[in-house]
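Remarks on the structure that follows.
There are 2 protein chains.
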Amino acid sequence: VFPSSAFSFFCQTLLLRVFHEVEQAYAVWPMPQQMSQSTDRYPINPQLLAFSYARDSAAQSGCSVLDAAFERYFNLIFPDFVGLSNIWSEPKPFTVSVKVKNGECDGFPDEGSNESYNLSVSAGQAVLKAESVWGALRGLESFSQLVYQDDYNLYFVNKTEIEDFPRFQFRGLLLDTSRHYLPMPAILKTLDAMAYSKFNVFHWHIVDDPSFPYQSRNYPDLSSKGAFHPMTHIYTQSDVKRVIYHARLRGIRVVPEFDSPGHTQSWGKGQPDLLTSCYKGKVPSGTFGPVNPTLSSTYQFLNGLFKEVTSVFPDSYLHLGGDEVDFTCWRSNPNVQAFMAKMGFGSDYTKLESYYMENIVNITAALNKTSIVWQDVFDYRERIPMDTVLEIWKGVPADYRAELGRITLAGYRVLLSAPWYINHISYGQDWRNAYTVQPQNFSGTEQQKKLVIGGEVCMWGEYVDATNLTPRLWPRASAAAERLWSDEEKTSSVDKAFPRLEDFRCTLIRRGIQAEPLFVGHCKHEYSGL
Amino acid sequence: VFPSSAFSFFCQTLLLRVFHEVEQAYAVWPMPQQMSQSTDRYPINPQLLAFSYARDSAAQSGCSVLDAAFERYFNLIFPDFVGLSNIWSEPKPFTVSVKVKNGECDGFPDEGSNESYNLSVSAGQAVLKAESVWGALRGLESFSQLVYQDDYNLYFVNKTEIEDFPRFQFRGLLLDTSRHYLPMPAILKTLDAMAYSKFNVFHWHIVDDPSFPYQSRNYPDLSSKGAFHPMTHIYTQSDVKRVIYHARLRGIRVVPEFDSPGHTQSWGKGQPDLLTSCYKGKVPSGTFGPVNPTLSSTYQFLNGLFKEVTSVFPDSYLHLGGDEVDFTCWRSNPNVQAFMAKMGFGSDYTKLESYYMENIVNITAALNKTSIVWQDVFDYRERIPMDTVLEIWKGVPADYRAELGRITLAGYRVLLSAPWYINHISYGQDWRNAYTVQPQNFSGTEQQKKLVIGGEVCMWGEYVDATNLTPRLWPRASAAAERLWSDEEKTSSVDKAFPRLEDFRCTLIRRGIQAEPLFVGHCKHEYSGL
């Protein structure tokens, strides 16, 4: 109406546009360690984008991990690409050249894997250099997030330099497939989304009290009697292989958890005499408690099961659980009482728990695997090998900071998951809580801080199955992912993270991940896959 | 191991099976007013199930509502049906015969619609009798829930008698398409699921501050300038027609809300001079407040908009909003101040708000529509027609019981939504809160209680879009649906409701509704449509 106001509006819009473009160009989630960018931008023609191996790269065509990644990232960068259109007039090719120092193309990612990479984007090319294929995967993810579309749907990438590496070696996500069975597509899709946030460990809490879906080769009764359904609600050996394969191609380790001696009700259905028979007075009550730690048959079984499990899962870690053991049933059982007396444990059942955990940690060590256990095992002062990793899960009102101090003071390595139980939902922007965690902010020496090897987002399954898993995970888990990957000082402002995480969640939606909104607003392409 | 114990286990299993079958047979959600059932069961062969109109039915073949419902419910009852299989050996036909007293086949459901029905299931047939097609729809839904599959996937229905009618006339669900745009499939799928829980009003909170997605015929700038995007984030006239059509076939009214004078920021973008210009001292600050109630142009515009809206939406109700008006901006504006003085309102801005609401309620009445407004309008002691419906939304710490008493004492009809803001999520089984609401439990006469015409589940959009809408709605909204449909005394136990609601949520999943779990457990057919 007023020309001057209209002009001002026009200018404002223009400024916003420029600002928005720069914003968009900067949006790599989680934030790289070092990144510089200019407003110089280069067009990318989908017909003429090519991924290639640098001549002096240790990995070359035929490298399974990178061959698959090139194909995957092409489709992620150009979600609309149909391969036919010739509207685009930009005639210049754009090459993403990848150089890897050590191959590892056919290996599995593990604790020692190097995920660092350098990425340099200039006119007509991006040069990606990494120690290993695992770092190259992280670099490809960052590159894919740098490419954007303008209002005419043309693709661009800005001049960019990135030097990047993870803050923590272990960046995990736990899924619980016992309280609810998660069909394979739900797990595979979660692995896809994990890679977008640079998670590198899938902690598979595969069995627990309610059901035993892992189909064991040596103990088939465990799932045929302990799963919700023996045919439709199980993970076959092929399913497990597929999960490990899918994860490997994305640089993700698969660490299974076989939690005992508690949380094992479902085990008892297919393995007679494994669980402690609870007594009411002088007679068995008909109910069962934790694994019976007094019988040698128990350890024979566990040795057999772990032998199988460690051959099925290639990762060097095995999670043994060890949390929340209720002593009531042990106390009631006369045979357990006799064993306590024989061993001189008095009436201290934590000693019995320790005895059990020490035994199974030793079984695991003999199988050349490193154990992860929940913090309870440390709290009970068990004698466990110094390479055991303790995982902190007790949050409010327990103080996980104090526990970080205690465990690292004792010289153990530690994983933090207490503040990242994101199955606990609340109304509003609760991703902010996950974002503002400071895993190394506790009283301790520099040496102690280094013993914090990472953390895990946990999605326990009491109220979660495939119907609501994805929107509860994303982008809330991504908030923790940035904390685990990025420099803490550069990502100290949760308010500055907000618009970047909003952009990233639109990226997730564009990739078919049903990621829920952070607040009022919209994405250019909304989720509509109902 | 022990034969006797094995036998006992066998018996227990058998008992559980029988019990489970009866349970399953009883599972109609929401619970019918009267229902008796025996364990006599009749097989149903999908090849030989037929829906038919009774000879003396007012509706006959060609009745759009029921023709479509027959087709729909066939597919809902037999989700696996492919029309080819001939494995089934049951040679007897099963007929669902529907008799409707008054046709209404081409009409719209409205406040006076009769939804009662009687259903009698015996050998080879089900007889469904209803006053109107709307009652027949409710009866078909109940019948569809009575049919179950045994372990061999054969279909059965038990001998059953149902006499049923809704406790409340108005059983609504609100979707907010302004804070996030909901693509059409999300709205249509929600209407499907609403019918499964016997909801009968879709309250479409179509516009609000963040965006104006309704594409008006007469005022196209409202959406072209006020929507998140003028092409992709709007509801065209065709979209609206499709929603109304889809809802009608399911016996669902569509009541649009055009909330004013607050919650209108997005309106201002496409309608100059509609909003009040806020002042900072003696000059306009550049920001805008609620609709400007002092200008005749405002009422001309609203008359034009409501004239259009009431012609587009056939329902006899129109929701006018009227909630949460912030007076700060009105106070700052010298023209508004002058108007206040002229009208003798002093400095009581609630009088200005009343003046505005009375005007638009009168506009609505002149268009032969009944107004619904939020409780604020009553709280401001506005003079509004006695047929206006007040909707209570203020919950904790406000006491909605006291407000129920006050509004009904004044003789107004009331809708309850305060305890059903199910966008407010919390960890755990929060559906129990929605279930235990007692809408008529307030101090007042029987006459007053009758003025409670129903309630609404509200899913506000701050944190909700198509990515998480469905699992947040279902089955939590179904808990409120039973409260609004069923006899309160017969459904007073939330613990007894639990297994029934668990079964119902598995039914929803089987029908493709991404309904989240209530607790640990499983469905025979899990959701896997990722």
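Protein chains in written order, with my numbering: chain A, 3 to 532; chain B, 3 to 532. Using N, Cα and C, we set each Cβ at its ideal position, and we do this for glycine too.
In the DSSP assignment, the beta strand (DSSP E) including residue i goes from what residue to what residue?
i                      : result
residue 187 of chain B : Residue 187 of chain B -> not in any beta strand (DSSP E); alpha helix (DSSP H) instead, spanning 186-198.
residue 158 of chain A : 157-166
residue 410 of chain B : From DSSP, residue 410 of chain B is part of no beta strand (DSSP E) but of the alpha helix (DSSP H) over 402-411.
residue 120 of chain B : 119-124
residue 140 of chain A : Unbroken run through residue 140 of chain A is the alpha helix (DSSP H), 135-148; no beta strand (DSSP E).
residue 259 of chain B : 255-262
residue 486 of chain A : Careful: residue 486 of chain A lies outside any beta strand (DSSP E), inside the alpha helix (DSSP H) at 478-487.
Can the beta-carbon of residue i be found closer than 8 Å to that of residue j?
i                      : j                      : result
residue 534 of chain A : residue 159 of chain A : Outside the displayed range of chain A (3 to 532) lies residue 534 of chain A, so it cannot be described from this structure.
residue 136 of chain B : residue 177 of chain B : no
residue 227 of chain A : residue 272 of chain A : yes
residue 282 of chain B : residue 319 of chain B : no
residue 59 of chain B  : residue 100 of chain B : yes
residue 524 of chain A : residue 321 of chain B : no
residue 516 of chain A : residue 469 of chain B : yes
residue 75 of chain B  : residue 510 of chain B : no
residue 551 of chain A : residue 193 of chain A : Since the first residue of chain A shown is 3 and the last is 532, residue 551 of chain A is not available in this structure.
residue 453 of chain B : residue 415 of chain B : yes
residue 269 of chain B : residue 297 of chain B : no
residue 162 of chain B : residue 130 of chain B : no
residue 459 of chain B : residue 482 of chain B : yes
residue 164 of chain B : residue 146 of chain B : no
residue 196 of chain B : residue 488 of chain B : no
With distances taken Cα to Cα, identify the nearest neighbour of residue i among the options.
i                      : options                    : result
residue 448 of chain B : B:59, B:157, B:473, B:411  : B:411
residue 324 of chain B : B:264, B:514, B:505, B:446 : B:264
residue 57 of chain B  : B:98, B:393, B:49          : B:98
residue 220 of chain A : A:78, A:165, A:303         : A:303
residue 95 of chain B  : B:52, B:420, B:530         : B:52
residue 317 of chain A : A:392, A:332, A:246        : A:246
residue 190 of chain A : A:507, A:477, A:488, A:471 : A:471
residue 216 of chain A : A:252, A:200, A:258, A:113 : A:258
residue 385 of chain B : B:133, B:527, B:362, B:456 : B:362
residue 417 of chain B : B:427, B:140, B:440        : B:440
residue 156 of chain A : A:104, A:83, A:204, A:421  : A:83
residue 394 of chain A : A:388, A:387, A:403        : A:403
residue 396 of chain B : B:421, B:409, B:69, B:380  : B:421
residue 367 of chain A : A:342, A:305, A:380        : A:305
residue 313 of chain A : A:328, A:239, A:354, A:497 : A:239
residue 476 of chain B : A:477, A:465, A:476, A:478 : A:465
Identify the continuous alpha helix (DSSP H) that holds residue i and give its terminal residues.
i                      : result
residue 30 of chain A  : Segment: none, residue 30 of chain A is in no alpha helix (DSSP H) and carries neither H nor E.
residue 502 of chain B : 496-512
residue 271 of chain B : 267-272
residue 282 of chain B : Not the alpha helix (DSSP H): residue 282 of chain B falls in the beta strand (DSSP E), residues 277-282.
residue 379 of chain A : 378-381
residue 452 of chain B : 448-452
residue 436 of chain A : 433-437
- Under 9 Å (Cβ pairs) to chain B, residues found in the region 516-529 of chain A: 516, 517, 518, 519, 520, 521, 522, 523, 524, 525, 526, 527, 528, 529
- Query: Fully enclosed by the region 34-102 of chain B, which beta strand (DSSP E) runs are 3 residues long or longer?
  - Reply: 36-46, 51-55, 96-102
- Task: Report the residue ranges of all alpha helix (DSSP H) runs contained in full by the region 287-364 of chain B; include only those spanning at least 4 residues, in chain order.
- Result: 298-314, 330-334, 336-345
- Message: Along the region 354-372 of chain B, where does the CB come closer than 8 Å to a CB of chain A? Name the residues.
- Response: none
- Task: With 9 Å as the C-beta to C-beta threshold (strictly closer), list the residues of the region 421-433 of chain B near chain A in chain order.
- Result: 425, 426, 427, 428, 429, 430, 431
- Task: Could you run through the region 449-470 of chain A and flag, in chain order, every residue whose CB is less than 9 Å away from some CB of chain B?
- Result: 463, 464, 465, 466, 467, 468, 469, 470
- Query: Which ranges would you report for the alpha helix (DSSP H) in the region 199-252 of chain B if only whole runs of at least 4 residues count?
  - Reply: 223-228, 239-250
- Message: Along the region 257-276 of chain B, where does the CB come closer than 8 Å to a CB of chain A? Name the residues.
- Response: 274
- Message: Taking beta-carbon pairs under 7 Å, can you tell me which members of the region 181-195 of chain B lie near chain A?
- Response: 181, 182, 183, 185, 187, 188, 191
- What residues in the region 489-506 of chain A bring their beta carbon closer than 9 Å to a beta carbon of chain B? none
- Give the residues from the region 214-232 of chain A that approach chain B closer than 8 Å (Cβ to any Cβ), ordered along the chain. 230, 231
- Task: Check distances from the C-beta atoms of the region 43-66 of chain B to those of chain A and list, in chain order, the residues that come in under 9 Å.
- Result: none
- Check distances from the C-beta atoms of the region 318-331 of chain A to those of chain B and list, in chain order, the residues that come in under 9 Å. none
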